[in-house]
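Numbering-wise (the numbering used here), the sequence shown opens with residue 2 and increments by one.
What follows is a set of notes on a single structure, which appears directly below.
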Amino acid sequence: MSEAEKKRRADYKKNRKKWLTLFSALALVMLALTLLFTYVSYTLGRNYYIHYAEEGDVSYRVHLLENDFFEEDTLGEGQMYVASLVDRVSADFCYALRMDEAVNYRYSYRVDAVLEVAHIGTGKLIYAPVYPLIDEKTVSVDRASTDLLIRESVEIDYRSYHDMAERFVGPLALKGVTSRVVLRMTIDVISTCESFEDEHSRNSYAVSLQVPLSDQFVDVAMTSDVPSAESKILACTRGGNRPLFLGLSIGFGVLDVALFAFLAIFAYQTRNTDINYEIKVKRLVAKYKSYIQEITNPFDAEGYQLLMVKTFSEMLELRDTLQSPILMNENADKTCTRFLIPTNTKMLYVFEIKVDDYDELYAVVPVEEETFEEEYTEEETTEEEITEEETAEEETAEEETAEEETAEEEPTEEEAPEESTVV
């Protein structure tokens with residue numbers, strides 16, 4: 002095998018390895034993307050659970066008119082108050098929401114004063130105008146925190162609301178009615194999770210402070226429909242475009258399978274031709290190891306008549322018939338292994354296992370016809386020129402000889418009279 006052929010084979014293996022590495026890396030990247038999109042699509046369509054707790058509260062203070070009975074201007078909670086001494090009532094509302102995982106949500110709240118006139122026997126409302134104290138506020142939270150805390154303070158003029166109730170009850174001469182002013186903070190917490198908007202778990206609560214509008218005594222009461230520190234579980238489905246990610250997962254999966262199939266075909270089609278050769282030799286030697294004797298130097302076949310055998314089975318039959326060992330020798334390039342059985346009659350039986358392109362690698366390069374014709378034409382031209390030169394030389398020599406003979410035959414003028422005289 003020539004050095005040029007060895008270099009060509011080495012370059013071929015190098016380029017093949019490069020392309021195999023490139024295709025393998027691309028296939029792995031696509032596999033990673035397929036797994037990623039599959040995981041995302043699975044996560045988006047899956048429910049997850051959030052534990053959370055809520056608490057709502059309101060505290061108040063009663064501010065008194067100037068009087069000779071109380072040294073304090075303000076009285077705390079839990080007392081019975083004289084209606085004629087009450088000037089103002091201040092309230093501090095508080096709402097707290099705590100989650101164990103941050104989610105996207107939006108909350109809104111407002112504080113109103115509701116003047117209620119109701120029937121004493123049935124408790125049904127007769128008159129209930131609403132007076133906003135704090136307009137509605139809406140805030141969106143983008144996974145900023147797991148805690149929400151709302152604090153607002155308001156104050157009402159007790160005498161004003163008492164007078165408004167009297168202006169409704171007095172002219173109508175209503176009997177058997179009661180009146181009060183209700184300070185109410187309403188909170189709405191809406192998450193991107195659908196169950197926040199479910200009718201069983203909607204986070205819309207009210208914290209109220211009820212102040213009776215009486216001529217005798219005022220007994221302030223606080224009510225709240227916020228579950229106090231009650232732990233609840235919220236089931237949510239992660240938002241997002243799940244069909245998109247599912248489609249991408251399927252698409253990349255199909256492409257990845259196609260790429261792996263292409264990679265397998267490419268690796269098989271571009272495999273080294275020596276691989277099949279090596280496998281054949283190893284299998285044959287492993288199967289018939291006891292019949293084969295390996296020699297390290299090439300067998301000198303000079304003087305032997307070579308007889309090529311088609312199958313190794315025939316070699317075994319010849320071995321049994323001739324009672325001669327089977328010799329094995331592999332060339333230095335490891336491209337051909339010969340199994341030989343020499344005989345005493347100078348006959349050499351040969352069975353060969355070669356690489357697929359062995360004949361192309363070691364074949365004698367034939368002379369091209371055009372080159373051969375050109376060389377042949379040049380040789381003919383040279384021969385013709387030599388022949389013409391020889392012919393010209395012969396003709397010149399003949400002419401010189403003819404001239405010499407002519408000169409000898411013709412007598413000179415001096416010689417002619419002498420001959421005449423002799424006669």
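The C-beta atom is built at its ideal place from N, Cα and C for all residues, glycine as well.
- Short of 8 angstroms from the beta carbon of Asn298, and not among the five residues preceding or following it, lie these beta carbons of its own chain, in chain order: Asn330.
- Non-local beta-carbon contacts of Phe169 in its own chain, meaning distances under 7 angstroms to residues more than five positions away in sequence, involve Val118, Tyr128 in chain order.
- Ser215: not part of any alpha helix (DSSP H); DSSP gives it neither H nor E.
- When DSSP states are grouped into helix, strand and coil, Gln294 belongs to the strand group.
- Lys355 and Thr336 do touch by the CB rule: their CB atoms are close to 7 angstroms apart, below 8 angstroms.
- In the DSSP assignment, Thr322 falls within the unbroken alpha helix (DSSP H) covering 313-323.
- By the criterion of a C-beta distance shorter than 8 angstroms, Leu260 is surrounded in its chain by Phe24, Leu27, Ala28, Met31, once the five residues flanking it on both sides are discounted.
- C-alpha of Asp220 to C-alpha of Ala97: approximately 27 angstroms in a straight line.
- Measuring C-alpha to C-alpha distances from Ile296 to each of Ala287, Leu308, Pro326 identifies Pro326 as the nearest.
- Each residue's CA atom was taken as its position, placing Ile266 and Lys347 some 48 angstroms apart.
- For Pro343, the enclosing beta strand (DSSP E) stretches over residues 337-343.
- Around the Cβ of Arg339, a 10 Å sphere holds 16 or more other Cβ atoms; the residue is buried.
- DSSP places Leu29 within a helical segment (H, G or I) once states are collapsed to three.
- When the five nearest sequence neighbours on each side are left out, the beta carbons in the same chain lying within less than 6 angstroms of the beta carbon of His64 are those of Thr75, Asp88, Arg89, in order along the chain.
- For a cut-off of 8 angstroms, the C-beta gap from Thr224 to Ser205 is around 15 angstroms, too long to register as a contact.
- With a cutoff of 7 angstroms on beta-carbon distance, Val155 and Ala92 are scored as near each other.
- Nearest Cα to Leu214 within the set Leu307, Val104, Arg62, Leu116: Leu116.
- A contact is defined here as three or more CB-CB pairs under 8 angstroms, and the region 132-143 meets this definition with respect to the region 97-109.
- Distance from the Cα of Met165 is smallest, within the candidate group Val182, Val258, Arg152, Ser250, for Val182.
- Apart from sequence neighbours up to five positions away, the residues of its chain that approach Phe253 with a beta-carbon distance below 7 angstroms are Met31, Leu34, Thr35, Phe38, ordered along the chain.
- If you look at Phe352, you'll find it in the beta strand (DSSP E) that goes 348-355.
- Selection Val83, Asn345, Lys18 evaluated against Glu67 yields Val83 as nearest (Cα-Cα).
- Secondary structure of Ala333 (DSSP, three-state): coil.
- The criterion of a C-beta distance shorter than 7 angstroms is not satisfied by Glu55 and Val212.
- A straight-line Cα-Cα distance of about 7 angstroms links Thr271 and Arg17.
- Beta-bridge analysis with DSSP links Lys138 to Tyr110.
- Remark: C-beta atoms of Val282 and Met309 do not approach each other more closely than 7 angstroms.
- Here Ile191 is near Arg107, since their CB atoms are less than 7 angstroms apart.
- The beta-carbon distance between Arg185 and Asp113, rounded to whole angstroms, is 5 angstroms. This is short enough to meet the 8 angstroms contact definition.
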